Every structure is written in C-alpha cells, then in structure tokens.
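Engineer: What follows is a structure written as structure tokens; I'll ask about it next.
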C-alpha cells in the first residue's frame, strides 16, 4: 500500500513538473519594437500573435525610451527574431541589429529603405496595397479606362510605379506618369495630365499626398469626370470615388507567417518585401452619380464600405 502511494506521488510530481515546464517554456523568443502604441498597431500585433503562438514576447516602445537604450537592450538580450512595427522602429533597428532576423509591418514605402543597403536580415510586409490589385480593380469597375495617370516622386515610389507599368502592359493599359521632386510641383504635374488620361491613381507618396494636392486631384477628377482612385476610406468619405486599403490585422498575420518561415527555416529564399494582401474596397456612390459613372453591382457587393 505504501509502495503504491510513493509510486502515485512520483507520478504526480512528474506530471506537475511537465505541466509547469510546458506552461513556461516557449519555442521562440521574439522582441517587439513599436513606433507607437495605437489601435492599428495593436490590431497588427494581435494578427502576428495569432500566427506565432508558441513564443515568448518582450516589448519595447520608442515613445517610452531612447532608441539607443533599446538597441543596447536588444543586443544584450538575444532574441530569435525582432518584430519592428512602424517606420521609426525599422529605421532605429536597420544597420544596428545585424545578427538577428527583423520582420517589419506597418511601414509605408519600405522600398526606399531597401535601396539603401544593410538589409540582409530584414524582411517584411509593406503598408502599400499591391499596384496590381489596385489597377485590376480599377479595370474591373471601369472597363473603358485605358489610360491611367499618376503623379509621383521617383525617389519615394519608383518601385511601385515599376510594378504598375508591368501590370498595365499585361492588362493592355497605358500608365501615364508625371514626375515631381518637390511638393510645390504637384499641382502643375496634375495639370499636365489634362486630356491625356481616363483615370487618376493616387499613390502613397509623401511628396504628392498633401492636403492641397489631394484637394486639387479631387477638383481635377470632378472637372474632367474621371475616376480618382484614392488611398483609403477617409479619402472616399471626403468625395474620392473609390479606394483600396489594407487590413491591419491580416497584415500582422502576414508578418507572422513570414516570421515562422524564417524561424523554422522552411524557405531559404524568403522574399524581403511583400505587399499587404487583404484588399478592402471603398466606394462613394454620390460621387459616381455626380460624375455620371456607373458602378457594377458585383463591385458594390464586394465593397467593404459604401458612401451614398
């Protein structure tokens, strides 16, 4: 009887030890460096954690600490991977942390950073929606559109325009570009597209996307009765005809999937940069009515939000 009790106690001890160890053991150690602590970042982080479940996380906020202190802490405390959220976080880590893979998300136009070198250990998801997705959506909604105009700064968004050119070529469309190097040139660049285009495409270029230039693009669109393809819901709410944007939670999932591939070494040729895949479509039917443009019913059904 006593022997049975001892045996039972041994079993209980080992079960307890196994459960406790399992509860506090993780496969990977991941550091999260955030530029800001806002809702969109929280959504992206939630998506990331949905994928990278079996991990121990440590958090660093650029708003709370000097970046030098964060870099020192990351170099001292070794991690399997670092998640950089936001442009400031990625800028702070780029070139400083070289022996740990860095996966980023919530970064606008990261292609500019990739052209500067020091990116061997950096991978991530761009906030930019794929130009292919936007152009094909525009073509589906307005089949008569053949010439798409765009104003951009080559230093900022050449990588987007290069892909757009290829897509337009494949789709039998013409991309008519008007280049600028300073904000003051934007209005004239838009004017230069007069009578040359059937639609205007707004790209996430910080030189071009300014309040005064957006207002002029909108005026240009109404005056010429041509579609203006915007960047997000807020522009459609203000009168832009349509826009395609990304889903922040799914962007986090994409970053998580990329992180797992790197951690598990499942693919030695991981892409350094991928576009946000989840496309949210926004339509303004009031604008369409004013312009005399018809939106196909199937596109209305696909839209995530419609302004009437």
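In this note's numbering, the protein residues as written are 549 to 856. Note that CB positions come from ideal geometry on N, CA and C, so glycine has one too. Small disclaimer: the values here were computed from a predicted structure and weren't measured.
1) Would you decide whether residue 692 is buried or exposed? Buried here means 16 or more other CB atoms lie within 10 Å of its CB.
2) Taking the alpha-carbon positions, what's the residue 567 to residue 602 distance?
3) Taking DSSP as the reference, what is the three-state secondary structure of residue 727?
4) What did DSSP end up calling residue 842 once you bin it into helix, strand or coil?
5) In angstroms, rounded to a whole number, what distance separates the CA positions of residue 827 and residue 752?
6) Classify residue 802: buried if its beta carbon has 16 or more other beta carbons within 10 angstroms, exposed otherwise.
7) Which first and last residues belong to the alpha helix (DSSP H) in which residue 690 is found?
8) Check residue 850 in the structure and name its three-state DSSP category.
9) Identify, in the order they occur along the chain, each residue of the same chain with its Cβ nearer than 8 Å to the Cβ of residue 804, setting aside the five sequence neighbours on each side.
10) If you run the structure through DSSP and keep just helix, strand and coil, what is residue 856?
11) Would residue 589 pass as a contact of residue 634 if the rule is Cβ separation under 8 Å?
12) So, with DSSP's three-state summary, where would you put residue 733?
13) Should residue 784 and residue 831 be called a contact, given that it needs their Cβ atoms to be closer than 8 Å?
14) Based on Cα-Cα distance, which residue from 626, 625 and 611 lies nearest to residue 921?
15) Please list, in chain order, all residues of the same chain as residue 571 whose beta carbon is under 8 Å from its beta carbon, the five residues on each side excluded.
16) By how many angstroms is the C-alpha of residue 798 removed from the C-alpha of residue 825?
17) Got a sec, what are the start and stop residues for the beta strand (DSSP E) residue 832 sits in?
18) Based on Cα-Cα distance, which residue from 722, 690, 737 and 788 lies nearest to residue 701?
19) Where does the unbroken beta strand (DSSP E) through residue 606 begin, and where does it stop?
20) Three or more beta-carbon pairs under 8 Å between the region 736-750 and the region 763-778, yes or no?
21) Report yes if the C-beta distance between residue 755 and residue 592 is below 8 Å; otherwise report no.
Structural biologist: Put simply:
1) exposed
2) For residue 567, the pLDDT reaches just 44, beneath the cut-off of 50, and the residue's location in the model is therefore unreliable, although a value from the coordinates is still provided. Taking the straight line joining both Cα atoms gives about 15 Å.
3) strand
4) The answer is coil: DSSP assigns residue 842 none of H, G, I, E or B.
5) 15 Å
6) buried
7) First-last for residue 690: undefined, no H or E at that position.
8) helix
9) 595, 596, 597, 598, 599 and 600
10) Note: residue 856 maps to coil in three-state DSSP.
11) yes
12) helix
13) yes
14) Residue 921 is absent from the structure shown; the chain starts at 549 and stops at 856.
15) Confidence at residue 571 is low in this model, with a pLDDT of 42, below 50, so the placement of that residue is unreliable and no value is reported for it.
16) 8 Å
17) 827-832
18) 737
19) 603-609
20) Yes, the region 736-750 is in contact with the region 763-778.
21) no
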